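4 protein chains.
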Amino acid sequence: MGNTFGSNFRITTFGESHGGGVGVIVDGCPARLPIDVDDIQHELDRRRPGQSRLVTQRDEDDRVEILSGVADGLATGAPIAMLVRNKDARSGAYDHLKDLYRPSHADYSYDAKYGIRSWQGGGRASARETIGRVAAGAIAQRMLREFAERADRPAPEILSWVDQVHTVCANVDEASVRLDEIEADPTRCPDPTAAAAMTSAIEQARRDGDSLGGTVRAVVRNMPRGLGEPVFDRLEADLAKAMLSLPATKGFEVGSGFDAVTMTGLDHNDPFVPGADGPDTPTNHSGGVQGGISNGADLRLRIAFKPTATISSEQQTVTRDGEAVTLAAKGRHDPCVLPRAVPMVDAMVALVLADHELRQLRNTIL
Amino acid sequence: MGNTFGSNFRITTFGESHGGGVGVIVDGCPARLPIDVDDIQHELDRRRPGQSRLVTQRDEDDRVEILSGVADGLATGAPIAMLVRNKDARSGAYDHLKDLYRPSHADYSYDAKYGIRSWQGGGRASARETIGRVAAGAIAQRMLREFAERADRPAPEILSWVDQVHTVCANVDEASVRLDEIEADPTRCPDPTAAAAMTSAIEQARRDGDSLGGTVRAVVRNMPRGLGEPVFDRLEADLAKAMLSLPATKGFEVGSGFDAVTMTGLDHNDPFVPGADGPDTPTNHSGGVQGGISNGADLRLRIAFKPTATISSEQQTVTRDGEAVTLAAKGRHDPCVLPRAVPMVDAMVALVLADHELRQLRNTIL
Amino acid sequence: MGNTFGSNFRITTFGESHGGGVGVIVDGCPARLPIDVDDIQHELDRRRPGQSRLVTQRDEDDRVEILSGVADGLATGAPIAMLVRNKDARSGAYDHLKDLYRPSHADYSYDAKYGIRSWQGGGRASARETIGRVAAGAIAQRMLREFAERADRPAPEILSWVDQVHTVCANVDEASVRLDEIEADPTRCPDPTAAAAMTSAIEQARRDGDSLGGTVRAVVRNMPRGLGEPVFDRLEADLAKAMLSLPATKGFEVGSGFDAVTMTGLDHNDPFVPGADGPDTPTNHSGGVQGGISNGADLRLRIAFKPTATISSEQQTVTRDGEAVTLAAKGRHDPCVLPRAVPMVDAMVALVLADHELRQLRNTIL
Amino acid sequence: MGNTFGSNFRITTFGESHGGGVGVIVDGCPARLPIDVDDIQHELDRRRPGQSRLVTQRDEDDRVEILSGVADGLATGAPIAMLVRNKDARSGAYDHLKDLYRPSHADYSYDAKYGIRSWQGGGRASARETIGRVAAGAIAQRMLREFAERADRPAPEILSWVDQVHTVCANVDEASVRLDEIEADPTRCPDPTAAAAMTSAIEQARRDGDSLGGTVRAVVRNMPRGLGEPVFDRLEADLAKAMLSLPATKGFEVGSGFDAVTMTGLDHNDPFVPGADGPDTPTNHSGGVQGGISNGADLRLRIAFKPTATISSEQQTVTRDGEAVTLAAKGRHDPCVLPRAVPMVDAMVALVLADHELRQLRNTIL
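Sequences listed follow chains A, B, C and D, in order. Using our numbering, you'd call the opening residue of the first sequence number 1 and step up by one each time. Using our numbering, you'd call the opening residue of the second sequence number 367 and step up by one each time. Using our numbering, you'd call the opening residue of the third sequence number 733 and step up by one each time. Using our numbering, you'd call the opening residue of the fourth sequence number 1099 and step up by one each time.
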């Protein structure tokens, strides 16, 4: 259980890091939506390992196959199943991990839950699981664009970037940052100075057998108004769930986030002023949601990722039999997940928005 | 849509701040669970307005009536419906708000979504909506205790408290703090020095026509191992959603949260050591969840609440017709929601854990 | 669990025959739908006991109270909670049933499932539970009418009637039968001759301490095309579930039903001919659905109800302790549920159609 | 939407008759359940085309590949994805159908709903879609057996067979019929005389360019008591939905079904007598469910299938442009779907029972 996300635009993912492959079923995609396999592949390429020396060197080309639900380049309304085969799954590389629990990995907790685990490369807890999400997210993005076009409004623009790695903070203007700036550097940090410092820090961490965390920021411009379903499926609640369902996430903020704590109501409230298309808010501490519903202002999110649990330094741990042992990780891994997290965040935002667009349709008829 | 929470222990809430009342249906409560109306009323009394001069003076006794699903003090397996009537609903007090949008309230976004709103006292966006959650949470707590007793393990102990108000931070030992310490002060801050400073700050804010935010921390001791359903219904993902579905929340952390960002893997990883009942982790940056599943360590959460949007100072805003106006709030309100947020956080944690306990049953048979 | 029905137009019911009351939460009702409490009360009055000497004489006026979700006669988009208090619940009348299992009632199976039961008057298994469905169904009917009006098409007309009681079969022209003809007789059989014979049969059954079953037929004219969600939520699948979820139902047919078995493909296939608004089918063995999706032809259903389990003749049964005893039922009951089943069938059809109308919206944008 | 079935043992299917393949994701399978690919393949072979001259000659070996969720022959708790590639998909054979609507097929209604369709071989409406269900059903069956073993009770035995084809009715003793008797004849009718007559009738229908319908009966022996979740997810309601979600079904009965109509309460009620393991019912008009919950008696179902819509005789129909045309079907098809429907019915029964077994766990703790 727990492998389905979304209520009306609904995805179910499957697959482990080692085995036949990973993938997703998208159910609820509006019929006749153009489905372009290149769009999907493009997003998968963004999250693919081996893109730069900053990330894991596992050699996967991650080619997606659309198994169903598409005819003549259009969604038929039937479920869209997509499969990415595993290729470079060196099971042998994990033999030494079979009977022990890597610290801060899912090894022990999976065992505690299931009494069994796919111990090879993280199994279902591997970041490889996110392939299905990213593939589905590309379809969600397309849906958002097409719906906007039909309604004659600008398409929602979802942009995520690496905002901080360890102590290196980027200086980015949320209002103007562009995708090409984000993609210009392997770090996916659009501030070139910070990007260079992040690169150095990540490479140093790798040399030290250590790893680094960081934050991703996301904004959505041209946000449709009225998305979010109080009280439990508030837009920020679904986004928080989406983000915390990504591997290695530890925190979530919308708008002012934890900074709200030291502000007062007078400072924090976003005054309304007359706008072209309903009221505007010159400030945006709300982050684009009020009462769980989007108000048309930019959606603003920030997500904390912990340092990768896999490090090559020695660590203390225990075996399944409860014996203390010393572990030194082998195998390939990212010393910092942040650059590859960006397309995952994009995908999850798109999936949440697409779901809420469909849920909001009921209120547009009467 | 969006008024149901939980998969197997499932609640559906209803009601607005003004109207016939608020309440909840609990579906999925195990048959023969003892249901004690006093337990439920006790939790409702904790969230009730008018408990102290720190919170809104709306006069509601919030007596709960159990409409169904209970016989001879035991759950029958049928849905448990609970109703709390509204009493002190002075609709007239909101007449001046009918045609304008209060800044950082849900007034505008509800209108944008629904094209209509219950403008009296916040309607569905009112914190009064949480009554149903708190009532259901009391039942969830009881379920957790009874399940633990049957399994001969200590009952999960859910404790939340006010950890910060504006710039006043409490000094609390998470490992030892007790419920009676939390309940000892109307602030629900168990650090008496900080509690006094918080009280002063809140009273000053009220005098200033202003409001304050803060953070709530929650821990769960005696956590059952194995709760959480990867990949989307990870325990922390469901908790994040639960917290961000509460009014006025802006941020969520599990374990190290945003502090993880500036740590390295070597510092952040929680080494395993042999324990009495499976491996232990002397540190707990993970916050009790690894790979989305509880590992038996204490669950550790932190939630950011913004300053109350309702303030009595003058603010700029617009009417429904798009005209700029000046608003000065009348009516009763909390200058700081934190003290009353504590039982809401307790309830949401309990609801998530109860749901995941039921979901985990499947893995206990074979 | 199991007390929620529908995916997008979703109801959750609660309540037992004895206790605080019965009711429903409707979640997903489109905002600004007119909600007329008289419409709702009218449907409740149709299912109310004591309407005629054919049905149980339990004295309930079944007045509905709308607790939430409506402002100025319009749905606000918030959940609509409705409550009907129990009034004439003579618990004492059931004391003799406390420790024994009435044949073909839910007494034993509830005990087997829950280990506890509300033994008074059937508890949750009572037909009184359907009050919430009927109230919600009235709202669903209104939604169907309003949606049709906005789309400038004739409103779907849902008509159910008693087609057979025991061996008395009605002769009704499905294409022309009208609501006033159905409501003209307490049997809800629009064939006056058959209605008279049914009345005699039911009265005789009551005198004999016995009970009778029968069938209800339902048609929906002006069916919207394109409703139904293959493969599991085919329109007929959701309708079958809806009908078999009603108390005392034993069988379901769509279109030709079991008569299809002895037809051949050549006879059974409905040839298409050019029509005004898409192809028409001069025959309608399909019953308005093909491949799980409505094709615009009339929806045609037939539902079998067993004879009421409660009879006043003596029966053999056992106690909770497994002792054989003889039971003679006291208390009030219907010797034939069919007349009161009609508004229940109407409601369930309306709920299924409303849900599928909302689900189909996704395919209307691109 | 609509491609997911089940609440706790949940399947999502995908795939069309022509395209990359068909398959299923099983989510909620208890960890450590033995997963034997041969068991699954065995069930797929039972529904496979080309088994005998009675069924379609499409040449598919329908080899299943398990993509995920299994390690060392055991379910890991992760979603189990299974894929069957399409092989003998002669798209060209359907070219003449591209622009016309076959009578009583889903061609028109899919177009009305989606505005697009996979017109090759029925697309998603093809019986080929049921492959995923049958594969998942084999896992559900295994779960039922293992759960029974752990509880030291006999395993539920699910048996379906062809009971009637056109006017040929079988004479089968429900209480004693065995799987090997059912599998002994390609008709899957365990009455050899009737089986021979059915075979003749089917072969004659093929020669006549016609097709035949029929009924499948199903019984479940050793039924667990207490399965079913009132009020909407009554066991018979979920079974009715399951059956009506199968292609070509038109009717459903549980227990006495439509025969209940002409019985009286005195005849129809199943008296309770003391039994070894709770009360027994010497008669079983209830069909094993009372009040929506299994009572331990055999589950008894009957399902009506219409004659196959595909026939080779000429038929009148219309094109997408609304022009009247004459159609003579080419391509391969079954003149009677009944023999291959049997494993589909088995699978759906198993899926419903497995789901309800998991849902009932909550009531077994206290």
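Beta carbons are placed, not taken as given, at the ideal position from N, Cα and C, and that holds for glycine. This one's a predicted model, so the numbers in the text were calculated from it and none came from an experiment.
Helix, strand or coil at residue i [DSSP, three-state]
i         : result
B:Ile497  : helix
A:Asp208  : coil
B:Thr559  : helix
B:Val403  : helix
A:Phe9    : coil
C:Met875  : helix
A:Glu314  : strand
D:Ala1395 : coil
A:Arg53   : coil
A:Met223  : coil
B:Asp739  : Nothing about residue 739 of chain B can be read from this structure; chain B reaches only from 367 to 732.
B:Asp738  : As shown, chain B starts at 367 and ends at 732. That puts residue 738 of chain B outside it, with no answer to give.
B:Ala504  : helix
B:Leu433  : coil
Limits of the unbroken alpha helix (DSSP H) element including residue i
i        : result
A:Val352 : 338-360
B:Glu547 : 545-549
Assigned exposure category for residue i - 16 Cβ within 10 Å defines buried
i         : result
A:Lys306  : buried
A:Lys113  : buried
A:Gln360  : buried
C:Glu861  : buried
D:Thr1462 : exposed
D:Leu1106 : One point to set straight first is that residue 1106 of chain D is Asn, not Leu, in the sequence displayed. Under this definition D:Asn1106 is a buried residue.
B:Thr692  : exposed
A:Arg340  : buried
D:Gly1468 : Not covered by the structure: residue 1468 of chain D. The range shown for chain D is 1099 to 1464.
D:Asn1184 : buried
D:Gly1326 : buried
C:Thr674  : Coverage of chain C is limited to positions 733 through 1098, which leaves residue 674 of chain C absent and any answer about it impossible.
A:Glu204  : At residue 204 of chain A the sequence reads Gln, which differs from the Glu that was named. The residue is exposed, with fewer than 16 neighbouring Cβ atoms inside 10 Å.
A:His180  : The sequence as given places Asp at residue 180 of chain A; His does not occur at that position. The residue is exposed, with fewer than 16 neighbouring Cβ atoms inside 10 Å.
Enclosing beta strand (DSSP E) for residue i [first to last residue]
i        : result
C:Ser892 : 889-897
B:Asp473 : First-last for B:Asp473: 473-480, but that is the alpha helix (DSSP H), not the beta strand (DSSP E).
B:Thr692 : 690-694
A:Met1   : From DSSP, A:Met1 is part of no beta strand (DSSP E); its letter is neither H nor E.
A:Leu366 : First-last for A:Leu366: undefined, no H or E at that position.
B:Asp646 : No beta strand (DSSP E) contains B:Asp646, which DSSP labels as neither H nor E.
C:Asp759 : 753-759
B:Glu426 : Where B:Glu426 is concerned, there is no enclosing beta strand (DSSP E), given that its DSSP letter is neither H nor E.
Residue i Cβ short of 7 Å to the ligand GTP heavy atom set
i        : result
A:Gly265 : In terms of ligand content, the structure shown is empty, and the ligand GTP therefore cannot be addressed.
Original post:
Enumerated in chain order, which unbroken segments of the alpha helix (DSSP H) with a length of 4 residues or greater are wholly contained in the stretch 594-642 of chain B?
Top reply: 601-610, 631-634
**OP:** Quick one: which residues of the stretch 856-883 of chain C get their C-beta closer than 8 Å to a C-beta of chain B? List them in chain order.
**Re:** Arg856
Subject >> Contacting positions in the stretch 976-999 of chain C - beta carbon closer than 7 Å to chain D >> reply: Leu976, Ser977, Lys982, Gly983, Phe984, Glu985, Val986, Gly987, Ser988, Gly989, Phe990, Ala992, Val993, Thr994, Met995, Thr996, Gly997, Leu998
Subject >> Interface residues of the stretch 951-966 of chain C facing chain D [CB-CB below 9 Å] >> reply: Hits within the stretch, in order: Arg957, Gly958, Leu959, Gly960, Glu961, Pro962, Val963, Phe964, Asp965, Arg966.
Subject >> the stretch 61-95 of chain A: positions lying closer than 8 Å to chain C by Cβ >> reply: Gly77, Ala78
Original post:
Looking at chain C, which residues of the stretch 463-483 of chain B have a Cβ within less than 9 Å of any of its Cβ atoms?
Top reply: Tyr476, Lys479, Tyr480, Gly481, Ile482, Arg483
Subject >> Under 8 Å (Cβ pairs) to chain B, residues found in the stretch 734-766 of chain C >> reply: Gly734, Asn735, Thr736, Asn740, Arg742, Thr744, Thr745, Phe746, Gly747, Glu748, Gly751, Gly752, Gly753, Val754, Gly755, Ile757, Asp759, Gly760, Ala763, Arg764
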